[in-house]
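Heads up: the sequence shown is residues 0 to 194, going by numbering that gives the first Met the number 0.
We put the CB at the ideal spot given by N, CA and C, even for glycine.
One structure below.
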Amino acid sequence: MNSSRPTFLIFLLLIFLKVSAQDQAAILKGASQVYDANYYMDFDPIPELTYPKVVEQLGGKQKFREKLDQDYQNDKFRKRLQLTAPVFQVEPTKSLNGHKFCVIIYRNPTRYTYEQKLSDGEMNKEVESWKKIAGTKEVFPEPNRNSVNVKRISKLVAIQDASTANEWKFFNLDDAQQAEIFNALFASEKTQLGL
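Here's what the structure looks like:
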């Protein structure tokens with residue numbers, strides 16, 4: 000009887016490791032899809048990859064796509080991600096209150112090219128503004144390009160629960176509205192996730 004107990008424990012450990020590896024592979028695949036869709040400005044797949052309540056609260060799939068397009072190209076600037084393949088740091092998954100969470104962190108340099116020529120004073124104001132918005136000190140003016148380069152650390156939060164049909168769906172915490180929705184829905188979990 001005692002000899003079967005270690006075998007059973009090893010079996011359980013192997014199952015756990017297999018499930019963890021499958022989760023991590025699914026999370027990395029989804030995070031890459033979210034990033035690639037943003038990088039290539041192909042916003043069609045993003046609503047399907049995003050946590051459902053975000054899409055719902057932002058007006059549905061079409062309005063969400065329009066919002067993303069407006070975030071990337073508007074009357075003020077054009078936004079472009081600079082890395083073709085970021086390196087994702089995937090934190091361990093945590094089960095909290097009926098949801099599984101995973102935080103994904105990556106370097107995400109982004110260039111904002113302004114439509115109207117900025118004076119030195121306007122450029123400096125934009126640099127200071129992006130420092131606050133992006134939560135980083137690494138914001139650099141690029142006067143020859145009429146742009147600002149923001150070297151930020153970005154965070155995605157992957158969530159798996161009943162509302163996602165137990166598939167991993169994402170919050171992009173760089174987006175102020177998504178961050179607000181995340182904070183409203185998961186205020187108690189936020190601290191436990193180190194956010």
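Give the secondary structure of residue i by DSSP, where H, G and I count as helix, E and B as strand, and everything else as coil.
i	result
Gln81	coil
Lys116	coil
Asn148	strand
Glu137	coil
Phe169	strand
I'd like the list of long-range same chain contacts for residue i, defined as Cβ closer than 6 Å, with 5 residues on each side in sequence excluded.
i	result
Phe181	Phe170
Gly193	none
Quick check: the Cα distance between residue i and residue j, rounded to an integer number of angstroms?
i	j	result
Ser162	Pro51	7 Å
Gly59	Lys66	11 Å
Arg110	Ala36	17 Å
Arg79	Asp174	14 Å
Arg77	Thr190	34 Å
Leu172	Glu188	15 Å
Where does the unbroken alpha helix (DSSP H) through residue i begin, and where does it stop?
i	result
Tyr71	Lys60 to Tyr71
Pro195	Residue 195 falls outside the range modelled here, since the chain spans only 0 to 194, and no answer is possible.
Apart from the five residues on each side of it in sequence, which residues of its chain come closer than 8 Å, Cβ to Cβ, to residue i?
i	result
Arg64	Phe42, Asp43, Ile45 and Pro46
Leu13	Its pLDDT being 45, under 50, Leu13 is placed unreliably in this model, and the value from its coordinates should be taken loosely. Counting only Cβ-Cβ distances below 8 Å, and skipping sequence neighbours, we find nothing.
Arg144	Arg110 and Thr112
Grab me the residues of residue i's own chain with a C-beta within less than 7 Å of its C-beta, minus the 5 sequence neighbours each way, in chain order.
i	result
Gly29	Leu48, Ala157, Trp167 and Phe169
Asp68	Phe42
Leu95	Glu188 and Gln191
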